[in-house]
Amino acid sequence: MSLLISFFTGIRLTHVGKDTEAYANHFFNSSVVDGVYGRLEIGFALLMQTFSKNSFSVEVFFACVAFIITFVYLHIFTKIHSKCFFDSRASTNILLVFFSLVLFSSWYLVATTNGLRQGLSVVFLYWCGVELFYYQRKLKFLFLYAISISFHYSAIMIMPFLLLNYLRFRYVFLLWLLAAFGYMLGINELIVKGISQAFNLPVYEFVKYYSVEEGAVGSGLYEGFIFSFFLYTLFWPLFLLSLLMIKIRLKCKVGNLENIYQLIKMYFLFSLVYFIMGFGPFSNRYAFFAWFLVPYMQIVILNLTFNLNFDRAVPLLLLFLSVFCFLFFKLDWIPYALT
70 MSLLISFFTG IRLTHVGKDT EAYANHFFNS SVVDGVYGRL EIGFALLMQT
120 FSKNSFSVEV FFACVAFIIT FVYLHIFTKI HSKCFFDSRA STNILLVFFS
170 LVLFSSWYLV ATTNGLRQGL SVVFLYWCGV ELFYYQRKLK FLFLYAISIS
220 FHYSAIMIMP FLLLNYLRFR YVFLLWLLAA FGYMLGINEL IVKGISQAFN
270 LPVYEFVKYY SVEEGAVGSG LYEGFIFSFF LYTLFWPLFL LSLLMIKIRL
320 KCKVGNLENI YQLIKMYFLF SLVYFIMGFG PFSNRYAFFA WFLVPYMQIV
370 ILNLTFNLNF DRAVPLLLLF LSVFCFLFFK LDWIPYALT
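So that you can map any letter, position 20 of the sequence shown is 89 in my numbering, and since no number is skipped, the others follow by simple counting.
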């Protein structure tokens, strides 16, 4: 199924994904340059040139990128599931439900059709985070983190927040709430501005005027604090925490509680980037670090609420609906169906 979805993603039309046409142009330009194509991050440029200089089509390249993102994302899920629940391997039903959630998710579409570099970077960032947080494999963490940075340099911003993992959950939760409150009131922007000026760093200017014509604040897409983005970021971890509290009070079986808290903590750490740096245009690109983790929390919520191993028919129906929705609505196959 991963190969099939990746294939269909690769042959998408150029209007599916805002940057698809731009990436196609980079692909063709990279095939004629001498040395490494210098317009993009080195890891992504090398991957792209492996295909472009060996006469592969751009569709094959897009399909390969989609497959890498999908395969790594599913691999991370199997690791998280084995840690959060007592069965060492996820059942077929759970895998079907999770894959359906992924296809329904807007963030999978963004990662595979629009933000290809950040999509590749984020899945390797999650992988290295899992290796560090759940398995304490520091060398593997460093190797995977280097791969993540090579695909999108913004992954460097995550490093200070990863170090906060050594704090207890309650302290990370408190810090997360304070950062969210500071973001809502605009306090975080003032702090970043003050630190940038004090140490003569261009961080504030880079974020505030990123991709804004002539430095005109307010003319960029998704400028600064957007309430719907903010509420969405808060909702899923708070919903999962509330569900866990109810289950614990009712003395229900909840799996490995400590490792479920670790998943929520990882979400907290990745969303701190959004709360602190999300004051400029395209604030959603900072939130994406956390948003692509949402399907992982959703499957935990469903697994705690329902018996997903009860009947195979429901997961199969859900998968059919998700594939249909992905192909006809997200990849825009509707015009073909009507002709």
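Ideal Cβ positions, reconstructed from N, Cα and C, are used throughout, including at glycine.
query	result
Three-state class that DSSP yields for M253 in the structure shown	helix
Own chain partners of V363 with C-beta closer than 6 Å, once the 5 adjacent residues on each side are dropped	W305
Nearest-angstrom Cβ-Cβ length linking F337 and F242, presumed shorter than 8 Å	7 Å
Given M70 as reference, the closest of E110, L165, P271 once Cα atoms are compared	L165
Cut-off 6 Å between Cβ atoms - residues of its own chain near V134, not counting five sequence neighbours on either side	L185
Cut-off 6 Å between Cβ atoms - residues of its own chain near F230, not counting five sequence neighbours on either side	L338, L341
S157 burial status per 10 Å Cβ neighbour count (16 or more: buried)	exposed
Simplified DSSP state of W402, which is helix, strand or coil	coil
Buried or exposed (CB count within 10 angstroms, at least 16 for buried), E90	exposed
F125 to I227 span [Cα, whole Å]	34 Å
Simplified DSSP assignment, three categories, for A91	helix
Assigned exposure category for F296 - 16 Cβ within 10 Å defines buried	exposed
Collapsed DSSP secondary structure at H150 in the structure displayed	helix
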